[in-house]
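>
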Amino acid sequence: MGPDAGAHLAVSAAALPDVPSDPAAHSFRADRDRGGFGRSLRFGLRAARRSSPTRSDGRPDTDLNVPTPEEVQEAALYALIHRGHRGDTAYYAKACKGAAAVLELGCGYGRLLPSLSRVARRVTGIEAHAGLLAMAEVKRLSLPKATAKRVTLCQGDVTLALPEGPFDRIVWPYNGLFCLANREEKLAALRHAREVSTDEARLLFDVYVLDVDTEEAVIEDDFDYLISVLDEAGRLDVYEQNVESPGNVITANYRFERLGDVPTPPLQSSVRHHYLRPAELKPLLLESGWCLDEVYEDFRGTPTGDDPALFVAGARPQRSRVFSGPRKSPLPISTPPARKRP
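Per my numbering, the sequence shown starts with residue 8, numbered consecutively.
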């Protein structure tokens, strides 16, 4: 597929409702049982960061606001199959109701932005991938004009800097924490989140639960059928192959096949997660200035049982900030009118 096909996919994906394309295939239990974790990865985050030039002060270059054709295509394919967990949109909207300022880390293509903007006075999303961010901007512009003015989108790396706060809700949904390459990056991002939060803020996130010890790479023999999705051009069949590596790393290799009278070469992509076990998350939060104070195994508020598939968590700031320094803000691509602080 060329650039035109990527743009076509982007339009199709942006029009999809914010629910799983296939509820059965997207249920996390089925996902975990057959090793389909790659569906939860944020497409191309690391690749975008490696290939992105930056300013001398560490802020992303404004040229990155225009995605390449490849980034448009990557984002569109991601959005077609990454529709979130059932119930997560309502959960985060309820948790952010009445908030003065919400920051979403890794906002992707803006899946949560409409819901968050309806319940909070101000919403800011940050994303590294230019293609995903462009889709989020389309979604922002589709909101009522008064609502769109209260939403700000920024392109940047959450491990380097976050938009200037203060924020009283910080949301990191859909395994976003695991998209960072290692514990050090996770720690840096969480510390930055604490820096831009109020002392009464809430940090809300969800990740999957996995406990696998891998001393050498385990590669699945072949691509397994994952899901079929429909867009304006017809049906796309998606296949997945997973690779488990030492150091809590899972790589998902995808193949997208278009069915039709005219054969189309399949598209392939690879994404990667670095996961942590539940027992490793609490000390990570403490070290970054957060105290874990609630954990559920789903978005209905069910207490964690013996074999949870999800780790849905809330944390509050510690009494004193553990990490301080000058704040650096990525440049916004859409900024609401300035307002006076009380």
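Note that CB positions come from ideal geometry on N, CA and C, so glycine has one too.
Since this is a predicted model, take the numbers as computed values, not measurements.
My understanding is that N255 touches Y282, with C-beta atoms under 8 Å, so please give their C-beta distance in whole angstroms.
As a position in the sequence shown, residue 255 is number 248, starting the count at 1. As a position in the sequence shown, residue 282 is number 275, starting the count at 1. Sure, about 5 Å apart at Cβ, within 8 Å.
> By how many angstroms is the C-alpha of L139 removed from the C-alpha of V245?
By one-based count along the sequence shown, residue 245 stands at place 238. By one-based count along the sequence shown, residue 139 stands at place 132. So the alpha carbons of these two residues sit roughly 19 Å apart.
> Please report the distance separating the alpha-carbon of P76 from that of T311.
As a working note, residue 76 is residue 69 in the sequence shown. As a working note, residue 311 is residue 304 in the sequence shown. Distance between the alpha carbons of P76 and T311: 43 Å.
> Using 8 Å for Cβ pairs, my map puts F174 next to T205. What's the rounded Cβ distance?
On the sequence shown, residue 174 is found 167 positions in, with the first residue counted as 1. On the sequence shown, residue 205 is found 198 positions in, with the first residue counted as 1. With a Cβ gap of about 7 Å, F174 and T205 count as contacting.
> Take every Cβ of the region 194 to 208, pair it with every Cβ of the region 158 to 170, and state whether three or more of those distances are shorter than 8 Å.
A contact exists between the region 194 to 208 and the region 158 to 170.
> Could you tell me the distance, in whole angstroms, from the CA atom of V109 to the CA atom of L148?
Numbered from 1 along the sequence shown, position 102 holds the residue referred to as residue 109. Numbered from 1 along the sequence shown, position 141 holds the residue referred to as residue 148. Cα-Cα distance, rounded: 18 Å.
> Given that a residue counts as buried once 16 or more other Cβ atoms are within 10 Å of its Cβ, and exposed if not, what is A107?
Within the sequence shown, the letter at position 100 stands for residue 107. Counting Cβ neighbours within 10 Å, A107 comes out exposed, since fewer than 16 surround it.
> Once the 5 residues before and after L197 are set aside, which same chain residues still bring their CB inside 6 Å of it?
Here the question's residue 197 lines up with position 190 in the sequence shown. So the list reads S295, once near-sequence residues are dropped.
> Taking the Cβ atom as the reference point for each residue, do V126 and R157 lie within a distance shorter than 8 Å?
Reading the sequence shown from its first residue, position 119 is the one you call residue 126. Reading the sequence shown from its first residue, position 150 is the one you call residue 157. In this structure, R157 does not lie closer than 8 Å to V126 by Cβ.
> In terms of residue numbering, what span does the beta strand (DSSP E) encompassing P324 cover?
Translated into positions along the sequence shown, residue 324 becomes position 317. L317 to P324 is the extent of the beta strand (DSSP E) around P324.
> Report the residue from M142, Y98 and G115 whose alpha carbon sits nearest the alpha carbon of S122.
As a position in the sequence shown, residue 122 is number 115, starting the count at 1. If we check each option's Cα against that of S122, Y98 comes out closest.
> Starting from Y85, follow the alpha helix (DSSP H) in both directions and report where the run begins and ends.
Against the sequence shown, residue 85 aligns to sequence position 78. Segment P76 to I88, the alpha helix (DSSP H) holding Y85.
> For K146 and R93, what's the separation of their Cα atoms in angstroms?
Along the sequence shown, one-based indexing puts residue 146 at 139. Along the sequence shown, one-based indexing puts residue 93 at 86. Between K146 and R93, the C-alpha separation is close to 20 Å.
> Which one or two residues does DSSP pair with S149 in a beta bridge?
Numbered from its first residue, the sequence shown carries residue 149 at position 142. None, per the DSSP bridge assignment.
> Thinking R279 and T258 are a contact (beta carbons under 8 Å), I'd like their distance in whole angstroms, please.
On the sequence shown, residue 279 is found 272 positions in, with the first residue counted as 1. On the sequence shown, residue 258 is found 251 positions in, with the first residue counted as 1. The pair is a contact, with the Cβ atoms about 5 Å apart (cut-off 8 Å).
> Would you identify the three-state DSSP class for E251, choosing helix, strand or coil?
By 1-based counting over the sequence shown, the position of residue 251 is 244. In the structure shown, E251 sits in a strand (DSSP, three-state: E or B).
> Once you ignore the five residues that flank S277 on each side, which residues in its own chain have a CB closer than 8 Å to its CB?
Taking the sequence shown and counting its residues from 1, one reaches residue 277 at position 270. Only T258, A259, N260 and Y261 meet the Cβ criterion.
> Does any residue of chain B bring its CB to less than 8 Å from the CB of P272?
Although the question refers to chain B, the structure presented lacks it and comprises just one protein chain.
> Which partner residues of H280 appear in the DSSP bridge assignment?
For the purposes of this step, residue 280 is taken as the residue at position 273 of the sequence shown. H280 is bridged to I257.
> Should Q248 be labelled buried (16 or more other beta-carbon atoms within 10 Å of its own) or exposed?
Locating residue 248 in the sequence shown gives position 241, counting from the first residue. It is buried - the Cβ of Q248 has at least 16 other Cβ atoms within 10 Å.
> What is the DSSP secondary structure of V302, counted as helix, strand or coil?
Translated into the one-based positions of the sequence shown, residue 302 becomes position 295. V302 falls in the strand class under three-state DSSP.
> Which value, in whole angstroms, describes the spacing of the CA atoms of S235 and R242?
Against the sequence shown, residue 235 aligns to sequence position 228. Against the sequence shown, residue 242 aligns to sequence position 235. Distance between the alpha carbons of S235 and R242: 7 Å.
> Taking A137 and Q162 to be in contact with their CB atoms under 8 Å, please state how far apart those CB atoms are, rounded to whole angstroms.
Here residue 137 refers to the residue found at position 130 of the sequence shown. Here residue 162 refers to the residue found at position 155 of the sequence shown. Going by Cβ atoms, the distance from A137 to Q162 rounds to 7 Å, so yes, they are a contact pair.
> Following the continuous alpha helix (DSSP H) through E171, name the residue where it begins and the one where it ends.
For the purposes of this step, residue 171 is taken as residue 164 along the sequence shown, with counting starting at 1. Here E171 belongs to no alpha helix (DSSP H), and DSSP marks it neither H nor E.
> So which of L292, L293, P315 and W297 has the shortest CA-CA distance to Y303?
What you label residue 303 is simply residue 296 of the sequence shown in a count that begins at 1. Measuring from the Cα of Y303, the nearest candidate turns out to be P315.
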